[in-house]
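Here's the structure, in structure tokens; my notes come after.
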Amino acid sequence: MFAIPGVGEKYEPWESNLFAGEYKLIVEGYDWGPAASRVVLSFDGIASEAMAADYAVSVSRHTGVAEIAPDRASGDRPVIYAYVSDDEGNRLESGNHITIVLAIGPDMALASPIQYVRNENGGRNIWIDYKLSITHKPSNTIWDKEAGRIMPIIDSFDLSGTFKDSNGITMSYASFTPEMANDKSPLVIWLHGGGEGGTDPSIPIIANRAANYASDEIQSFFGGAYVLAPQCPGAWMHNGEGVTTHGREDDIYNKGLMELIRNYVISHPKVDTNKIYIGGCSNG
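Here numbering that gives the first Met the number 0 is used: the first residue of the sequence shown is 0, the next is one more, and so on.
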């Protein structure tokens, strides 16, 4: 079963045809995190051009687990370009879909489909209920139902990985297998920051743009490389009470993390054990 992520739900790729009033949302990872950068609309008939000035876009952002400031909860999304496309947002000379390009930036909170939510042990990023309403002003046609979501590069990852360590702690992980794996290929491991813990490994690879290790450009540097992004339920440096250890004692995840990595390597015999690269950010 595929589902569009709502309040704190896991992201899973979605495949669908578009019907009247429905749109596909394209979410991409940037240096500052994810942003809803484009939206694909369907309509009756064939078009050969599209005018950005003909469209108005508004958004509502909500979550049931925290209050979002009013200026970040709803508002208008500036439209900067429009073009004729297929239902995946690929440009066409003529067709029955229009892709709207939306303004994005590190200070544009309304562009983000995730939200950092604070709790007693810090906080974390979660998917929120992110809804657009697109109006074609000349005809007053409205698209306000999301029927699909495309996340470039993210959608090439397997997000279903789970591993239970010898202490009974279950961790999730995202993984990428190169299409043209050599007899032996490197492994790149990414450890997320304190705000990306949980049970949805799409968050660690999009909140910090770690998915880019699977991009064509970076893959070309390695000649193809496996990518592994483990996700702990809390933060890597937490003790049993969910408090950061600051190095004064062992955290509860280091043993299980090593078990997960070893298990992944054993399960993927084409990984070159002499070329395993590990990195991360902040708490990772």
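Ideal Cβ positions, reconstructed from N, Cα and C, are used throughout, including at glycine.
Query, Result
"Look at the Cβ atom of residue 284, then the Cβ atom of residue 209, and state whether they are nearer than 8 Å.", "Only positions 0 to 283 of the chain appear in the structure, and residue 284 is not among them; the question remains open."
"Short of 6 Å in beta carbon distance, which residues of its chain neighbour residue 206, apart from the five on each side in sequence? Order them along the chain.", "32, 124, 195"
"Looking only at C-alpha atoms, which of 41, 223, 115, 66 sits nearest to residue 183?", "223"
"State buried or exposed for residue 221, treating a residue as buried only when at least 16 other CB atoms are found within 10 Å of its CB.", "buried"
"With burial defined as no fewer than 16 other Cβ atoms inside 10 Å of the residue's Cβ, what is the status of residue 199: buried or exposed?", "buried"
"Taking only three categories from DSSP, how would you classify residue 73?", "strand"
"According to DSSP, what are the bridge partners of residue 147?", "23"
"Tell me the DSSP bridge mates of residue 100?", "37, 80"
"Using the Cβ count rule (16 or more neighbours within 10 Å means buried), how would you classify residue 111?", "buried"
"Restricting to Cα atoms, I'd like to know which of 217, 179, 234 is closest to residue 192.", "234"
"Out of 105, 75, 38, 56, state which residue places its alpha-carbon closest to the alpha-carbon of residue 90.", "38"
"By Cβ distance below 7 Å, which residues in the same chain neighbour residue 231 in space, the five residues on each side in sequence not counted?", "170, 196, 252"
"Checking 8 Å against the spacing of the C-beta atoms, do residue 94 and residue 149 come in under that value?", "no"
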